[in-house]
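Just so you know, the sequences run in chain order A and B.
Read in the working numbering, the first sequence has 14 at position 14, and its numbers run on one by one without any break.
Read in the working numbering, the second sequence has 357 at position 357, and its numbers run on one by one without any break.
We put the CB at the ideal spot given by N, CA and C, even for glycine.
Here the structure is laid out as structure tokens; the discussion comes afterwards.
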Amino acid sequence: MLKIKDLKAGVEENQILKGLNLTIKAGEIHAIMGPNGSGKSTLSAVIAGNENYEVEEGSIEFEDEDLLDLSPEERAHKGVFLSFQYPVEIPGISVSNFIKTSINERRKALGIEKLSTPDLLKLMREKMELLSIQKGYLSRNMNEGFSGGEKKRNEIFQMAMLSPKLSILDETDSGLDIDALRIVANGVNKLKSKDNATIIITHYQRLLDYITPDYVHVLYNGRIIKSGGKELAHELESKGYDWITKEADKKWA
Amino acid sequence: MLDYRLNAYNIWLKMDEPDWANVEYEKPNYQDVIYYSAPKQKPVLDSLDDLDPEMKKTFDKLGISIDEQNRLANVAVDIVMDSVSVATSFKKTLAEKGIIFCSISDAIKNHPELVKKYLSSVVPVRDNFFSALNSAVFSDGSFCYIPKGVKCPMELSTYFRINEAGTGQFERTLLIADEGSQVSYLEGCTAPMRDENQLHAAVVELVALDNADIKYSTVQNWYPGDKNGKGGVFNFVTKRGVCHKNAKISWTQVETGSAVTWKYPSCILKGDNSIGEFFPVAVTNNLQQADTGTKMIHLGKNTKSTIIAKGISAGKSNGNYRGLVSISKGATNSRNFSQCDSLLMGDKCGSHTFPYIEVRNKSSQVEHEATTSKVGEDQIFYCNQRGIGTEAAIALIVNGYCKDVLNQLPMEFAVEAQKLLEISLEGSVG
Chain A
1 MLKIKDLKAG
11 VEENQILKGL
21 NLTIKAGEIH
31 AIMGPNGSGK
41 STLSAVIAGN
51 ENYEVEEGSI
61 EFEDEDLLDL
71 SPEERAHKGV
81 FLSFQYPVEI
91 PGISVSNFIK
101 TSINERRKAL
111 GIEKLSTPDL
121 LKLMREKMEL
131 LSIQKGYLSR
141 NMNEGFSGGE
151 KKRNEIFQMA
161 MLSPKLSILD
171 ETDSGLDIDA
181 LRIVANGVNK
191 LKSKDNATII
201 ITHYQRLLDY
211 ITPDYVHVLY
221 NGRIIKSGGK
231 ELAHELESKG
241 YDWITKEADK
251 KWA
Chain B
1 MLDYRLNAYN
11 IWLKMDEPDW
21 ANVEYEKPNY
31 QDVIYYSAPK
41 QKPVLDSLDD
51 LDPEMKKTFD
61 KLGISIDEQN
71 RLANVAVDIV
81 MDSVSVATSF
91 KKTLAEKGII
101 FCSISDAIKN
111 HPELVKKYLS
121 SVVPVRDNFF
131 SALNSAVFSD
141 GSFCYIPKGV
151 KCPMELSTYF
161 RINEAGTGQF
171 ERTLLIADEG
181 SQVSYLEGCT
191 APMRDENQLH
201 AAVVELVALD
211 NADIKYSTVQ
221 NWYPGDKNGK
231 GGVFNFVTKR
241 GVCHKNAKIS
251 WTQVETGSAV
261 TWKYPSCILK
271 GDNSIGEFFP
281 VAVTNNLQQA
291 DTGTKMIHLG
301 KNTKSTIIAK
311 GISAGKSNGN
321 YRGLVSISKG
331 ATNSRNFSQC
341 DSLLMGDKCG
351 SHTFPYIEVR
361 NKSSQVEHEA
371 TTSKVGEDQI
381 FYCNQRGIGT
391 EAAIALIVNG
401 YCKDVLNQLP
411 MEFAVEAQKL
421 LEISLEGSVG
């Protein structure tokens, strides 16, 4: 589904990703871990198409199509979804209005008819139940006055509504208390299918107690320096990153 | 009438053009302005279907087709095209209720007693430079009278349009809501493209007698000039209403047009317990300049006023809010709440707020809030990531920002106002 080859990218003169390779197949969950400043958020921004980041070299293919040629909204129409680390507020626009616009803009781009309001409401109720979201939430303004946990849950709710092919969860666990974490993880697990894939970007192993990844990668200094199964996450939890980063420092010095 | 005009003209000659507003423009040569122009043919129309197709096209471009209006029904339209009313509809339904809705020239002929009593009762001739000019030369406009206790069964609507080159349009609107009556009045304005600046100096007077309720909504998209600031309408308007006991006047306006705007719809809260409201959205783009706001003059006891002003500046434009809240000594227990928000797009536009507050008694309460924000790149990227393109994202963000005001507009106008906002901000980011 997603093939990233020798990706070099950064902000202005500052190269952050220094040759990253990653392949993801449908049905898989990949966790990307790493210390602060290793390039985790840059990776998610580049996949989503944030224009503040410049790609210098390498390629990203999504379903055998060059993703880097597409605008952020075109990528979204193809089924790329980013759960933001810091979701923004859009005052005066209700959650339901925003999601309706989002769904229908995508359908318009794909040449499908608009979703009717009853169908939309039915789908919303279904997904709200899945994520234990209270009534009244839909008429609140997008992220305005939301707590940290509510913002993150709102991201996962949108993911559930849009049913993307590739979801990137950028530090979705940060700022969540244990109950919210469980609800979010539960939602991600229920939305998992053999046709979609998820990238979980996280600092801590905590979220991985609830979502079992197929692969764990360690991102350090702009490169993936180690990959393994879910047991790698536990190893990192107990030993920290030092034992692999030192090796990498030597190799790329 | 002649005496009234001559008197106004003599007063105007002695007055100076005001220059305290935060706008810059080349002063029009008042000798060069054509003060009255009638459309080439003056068709007498049986229905709106007989309208000139050219004119229909202009309305269609505006997104306000007359067809649509007729379909939405319950909208009576009085069209002022180059100063002469060419079509009036729904007269019959209104007449049954005793409502008078006609051009002001007809009103002078047919209802002289009402015109004499109320004309210039709210905006005196010598009030300001432009009101004096208007009083001397006004050619036409709308007149409306709602009798005692009558609730107007439909929205009343007028469309103004400036057509001929070099025409100054000086309409005059007089709206009287008698005791206990209710009316919602819509005003839409448009001007086609012209290279030279056109002058527009209108006067609108509202009279809300005891327990009456007037809602006055404006959607205005007069030609703002091109990207280099060439052409466009100079819009110098005096709008004012007086509220008697327990009466209410509410001004709502969405304005995206004109090169230079100078306009302060105001309320004189004369009667006890009267209420004044002002809900404007003012958009400026390219080189447009606007100096707008309101005056809330509290004279009666327990009077209340609310101002929620939303400014949007894009391109190299300059938007100003200037508002006066004056609470007199006798206006005890009065209240005002003002909120002035500015939204900036890009880094070359400007926005200023000039609040003036005068309170002369100890039992009144005045609140003023102001915010300035920018449409953030992060907001746009967030929308993009959800599959919403940049233009649609800006429309969404701006609509959200203006929601409080758009909610005040009658339903069909709100939809048009939204479209208008989108059109006038097209291409303003990125």
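Chain-ordered chain A contacts of D378 of chain B [CB-CB under 7 Å]: At a beta-carbon threshold of 7 Å, the residues of chain A lying near D378 of chain B are V88, ordered along the chain.
- Please compile the residues from chain A whose C-beta is within a distance smaller than 7 Å of the C-beta of K403 of chain B. G92
ask   = Mind checking if S102 of chain A is an interface residue toward chain B, Cβ cutoff 7 Å exclusive?
value = yes
Exercise for review: Under the assumption that L130 of chain A contacts A160 of chain A (Cβ atoms under 8 Å), give the Cβ distance between them as a whole number of angstroms.
Suggested key: 6 Å
(message) Strictly under 7 Å for the Cβ-Cβ distance: is F279 of chain B near chain A by that measure?
(response) no
**Message:** Between A76 of chain A and chain B, is any beta-carbon pair separated by less than 7 Å?
**Reply:** yes
*Of the listed residues A:E171, A:K239 and A:L20, nearest to G10 of chain A (C-alpha basis)*: Checked all of A:E171, A:K239 and A:L20; the closest Cα to G10 of chain A is A:L20.
- [ ] Go through its chain and collect everything with a Cβ distance to K8 of chain A's Cβ below 7 Å, but skip five positions before and after it.
- [x] Q15, L17, K18, G19, E56, E57 and G58
Reduced DSSP secondary structure (H/G/I, E/B, other) of M1 of chain B = coil
Exercise for the section: Starting from Y185 of chain B, follow its DSSP beta bridges and name the residues at the other end. Expected result: B:L156 and B:Y216
Per DSSP, what kind of secondary structure is Y356 of chain B in: helix, strand or coil? strand
**Prompt:** Which of helix, strand or coil does DSSP assign to D291 of chain B?
**Reply:** strand
Outcome for L6 of chain B when other beta-carbon atoms lying within 10 angstroms are tallied against a minimum of 16: Result: exposed.
Q.
7 Å is my cut-off, CB to CB: does R386 of chain B come that close to chain A?
A. Flagged as an interface residue toward chain A: R386 of chain B, by a C-beta distance shorter than 7 Å.
Notebook entry, point to check: Which runs of the alpha helix (DSSP H) spanning at least 4 residues fall entirely within the region 85-149 of chain A, listed in chain order?
Noted result: Fully enclosed alpha helix (DSSP H) runs of 4 or longer: 95-110 and 117-130.
Does V366 of chain B come out as helix, strand or coil in the three-state DSSP assignment?
Of the three classes helix, strand and coil, the one that applies to V366 of chain B here is strand, per DSSP.
* Asked: Apart from the five residues just before and just after N361 of chain B, which ones in its own chain have a Cβ nearer than 6 Å to its Cβ?
  -> K329 and T332
Item to check | Three-state secondary structure (DSSP) of P28 of chain B | outcome: coil
*So which residues of chain B does R106 of chain A contact, with C-beta pairs closer than 9 Å?*
Those within 9 Å of R106 of chain A in chain B are R386, G387 and I388.
Cβ-Cβ distance between L344 of chain B and K374 of chain B below 7 Å: yes
Take L206 of chain B as the anchor and find which of B:L174, B:E277 and B:A95 has the nearest alpha-carbon. Minimum Cα distance to L206 of chain B is reached at B:L174.
ask   = At least one CB of chain B closer than 7 Å to the CB of E73 of chain A: is that the case?
value = Yes, E73 of chain A lies at the interface with chain B (some Cβ there is under 7 Å from its Cβ).
Worksheet item: Quick one: Cα of Y216 of chain B to Cα of Y86 of chain A, how far?
Response: 42 Å
- Query: Within the chosen definition, does the region 131-141 of chain A reach the region 164-176 of chain A through at least 3 CB pairs nearer than 8 Å?
  - Reply: no
Using a Cβ-Cβ cut-off of less than 8 Å, give me the residues of the region 40-59 of chain A that come near chain B, in sequence order.
A48, G49, N50, E51 and N52
#### Entry: S116 of chain A versus M128 of chain A: straight-line alpha-carbon distance, rounded
Pairing S116 of chain A with M128 of chain A, the inter-Cα distance amounts to about 18 Å.
Does the ligand SAM have a heavy atom nearer than 6 Å to the CB of V137 of chain B? What this structure holds is no ligand at all, so the ligand SAM is not there to describe.
Q: Would you check if the region 88-104 of chain A and the region 381-397 of chain B touch, i.e. whether three or more CB-CB distances between them fall below 8 Å?
A: yes
query = Which stretch, first to last residue, makes up the alpha helix (DSSP H) that contains Q385 of chain B?
reply = E377 to Q385
| request: Can you check the region 6-67 of chain A for any beta strand (DSSP E) of at least 3 residues that lies completely inside it and give the ranges in chain order? | output: Within the region 6-67 of chain A, the complete beta strand (DSSP E) runs of at least 3 residues fall at 14-24, 29-33 and 54-62.
| Got a sec: is the Cβ-Cβ distance from L120 of chain A to anything in chain B below 7 Å? | At a cut-off of 7 Å between C-beta atoms, L120 of chain A does not count as an interface residue with respect to chain B.
| task | Would you mind stating whether A197 of chain A and A26 of chain A have Cβ atoms separated by less than 7 Å? | result | yes
Query raised in the report: Alpha carbon to alpha carbon, what distance is there between P213 of chain A and Y241 of chain A?
Result: Those two C-alpha atoms are separated by around 19 Å.
Exercise for the section: Please decide whether L22 of chain A counts as near chain B, where near means a Cβ-Cβ distance under 7 Å. Expected result: no
Legend entry - Chain-ordered neighbours of L186 of chain B on chain A, where CB pairs are closer than 9 Å: Correct list: empty, because the minimum Cβ distance to chain A is about 23 Å.
Exercise for review: For K194 of chain A, I'd like the list of residues in its chain whose CB is within less than 7 Å of its CB, leaving aside the five on either flank, ordered along the chain.
Suggested key: Answer for K194 of chain A: A26 and G27, listed in chain order.
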